[in-house]
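Structure record follows, encoded as structure tokens.
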Amino acid sequence: MYKTILFIAVIFAACNAAPKKKKESTVQKYTLTEVIKEPLSSSIQLPAVLTAYQKVSIFPRVNGFVKTVMVDRGSQVKKGQILLELDAPEIIQQYYAAQSKYLQAKAIYAGSKDNYERTVAVSETPGTISPHDVEVANARMLADSAIMNSELANFRALEATRSYLTVTAPFDGVITERNIHPGALAGPSGTIPMLTLEQEDRLRLVMQVPEMYSAQLSDSRQINFHVNALPGENFTGGISRQAGSLNDRYRSEAVEVDVQNPQHRLKPGMYAEVVIPVTGSVQALVVPGSAIVTSTEKKYVIAVRHGRTHWVDVQEGNRHTDSTEVFGSLMPGDKVILQGSDEIKEGIHIE
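When you line the sequence shown up against the numbering used here, it's residues 3 to 353, in that order.
As structure tokens, this is what we get:
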């Protein structure tokens, strides 16, 4: 009888102890830190890319066979320099035909004008020429003048078309691409340019500045940047242009810096790292960088309120050593978990 009672007592004690142990295991312990209000002044690093100040793909304006190519990839050219010549016999024939028609019309007009002037001179003597003859001579002169002007317009149009057979450089630069050779048939409907010309003595440094920093930028502000291809060297340029609106997808503003490149040491297409000094926001709250959790969808900190966790979405601002500015639904003095992790779920009880 005693053994039976003892066995029941042990079971009863075990049952009472189990829930207590389970309850204790549900309370997690984490190190907390306090949200403080302290604007940070530092600098930000942004990726950027160097592009040619001017770049043009050169296509022919008329159909023709390539006669000669005076340049190749890497050629330095000046504005107005001949790059290549096309051969189109039908355009040349049309040009000379239009020239002949114009000269013919010009000669006819000169004759009718001379006839009109002589008729007017003779008509000043009474009874020699009737007024009707003067009007006929004047009408003939005006008609011949109109024909001459029409032929002149046609001749000038074909003269311009003929000039398209000679392709010249629109600005000083470097030929960076050549896709044509003598004998090839070229036309304006092609999809591949004959040549690509880029201005490289002056470049554009293009970067996307996040929304929170775009208001701090101004024209002519100097910034520093470096490129991986030239380690240890720093370059400087002034902000020349700002887009004035934000990209809908990335919430950033396109900013351009004009970079003088007389020695052509920098190349279009190079990636650069830009360093921009920025001033922290007076409304910024600061937390340790380890408190910020980054997921595939958002960034957040894990605040602790009334003993339970709450995910609070934030946007990052300036960074300085181990502190980061954050913008979100936080207040100075709020407690957040020092070592944030996506394994810490919303609403759990912690100490």
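No residue lacks a Cβ here, since even glycine has one placed at the ideal position from N, Cα and C.
| query | Between the segment 146 to 162 and the segment 108 to 126, do at least 3 Cβ pairs fall closer than 8 Å? | reply | They touch, by the three-pair rule.
| DSSP beta-bridge partners of residue 89 | As a working note, residue 89 is residue 87 in the sequence shown. According to DSSP, which records beta bridges pairwise, residue 89 is partnered with 67.
| said: Just to check my reading of the structure: residue 85 and residue 160 have Cβ atoms closer than 8 Å, yes? What is that Cβ distance to the nearest angstrom? | reply: Locating residue 85 in the sequence shown gives position 83, where the first residue counts as 1. Locating residue 160 in the sequence shown gives position 158, where the first residue counts as 1. The beta-carbon separation of residue 85 and residue 160, rounded to 22 Å, does not stay under the 8 Å limit for a contact.
| query | For residue 77, which residues from the same chain have a beta carbon less than 8 Å from its beta carbon, with the 5 sequence-adjacent residues on both sides left out? | reply | Position 75 of the sequence shown, counted from the first residue, corresponds to residue 77. So the list reads 176, 177, once near-sequence residues are dropped.
| query | DSSP on residue 16, reduced to helix/strand/coil? | reply | The count along the sequence shown starts at 1 and reaches residue 16 at position 14. Note that residue 16 scores 46 on pLDDT, short of 50, meaning its location in the model is unreliable; the coordinates nonetheless yield the value given after this. Residue state, collapsed to three classes: helix.
| task | Pull up the DSSP beta-bridge partners for residue 354, would you. | result | Any property of residue 354 remains undetermined from this structure, which presents the chain solely from 3 to 353.
| query | For residue 124, which residues does DSSP report across the bridge? | reply | In the sequence shown, the residue the question calls residue 124 occupies position 122. Note: residue 124 sits in no beta bridge, so no partner.
| task | At 4 residues or longer, and completely inside the segment 292 to 340: list those alpha helix (DSSP H) runs for me, N to C. | result | List check, alpha helix (DSSP H) in window: nothing returned.
| query | Is residue 74 near residue 180, with beta carbons less than 8 Å apart? | reply | One-based indexing of the sequence shown puts residue 74 at position 72. One-based indexing of the sequence shown puts residue 180 at position 178. Yes, the pair counts as a contact, with Cβ atoms nearer than the cut-off.
| query | Which one or two residues does DSSP pair with residue 59 in a beta bridge? | reply | Translated into the one-based positions of the sequence shown, residue 59 becomes position 57. Note: residue 59 sits in a beta bridge opposite 198.
| Looking at the structure shown, is residue 226 part of a helix, part of a strand, or coil, going by DSSP? | Here residue 226 is taken as the residue at index 224 of the sequence shown, counted from 1. It is a strand residue.
| field | Run of the beta strand (DSSP E) containing residue 237, from where it starts to where it stops | value | Within the sequence shown, residue 237 is the residue found at index 235, counting from 1. First-last of the beta strand (DSSP E) with residue 237: 237 to 244.
| query | Around the C-beta of residue 217, are 16 or more other C-beta atoms found within 10 angstroms, so that it is buried, or is it exposed? | reply | In the sequence shown, counting from the first residue as 1, residue 217 sits at position 215. Residue 217 is exposed by the Cβ-count criterion.
| What is the DSSP secondary structure of residue 209, counted as helix, strand or coil? | Indexing the sequence shown from 1 puts residue 209 at position 207. Strand.
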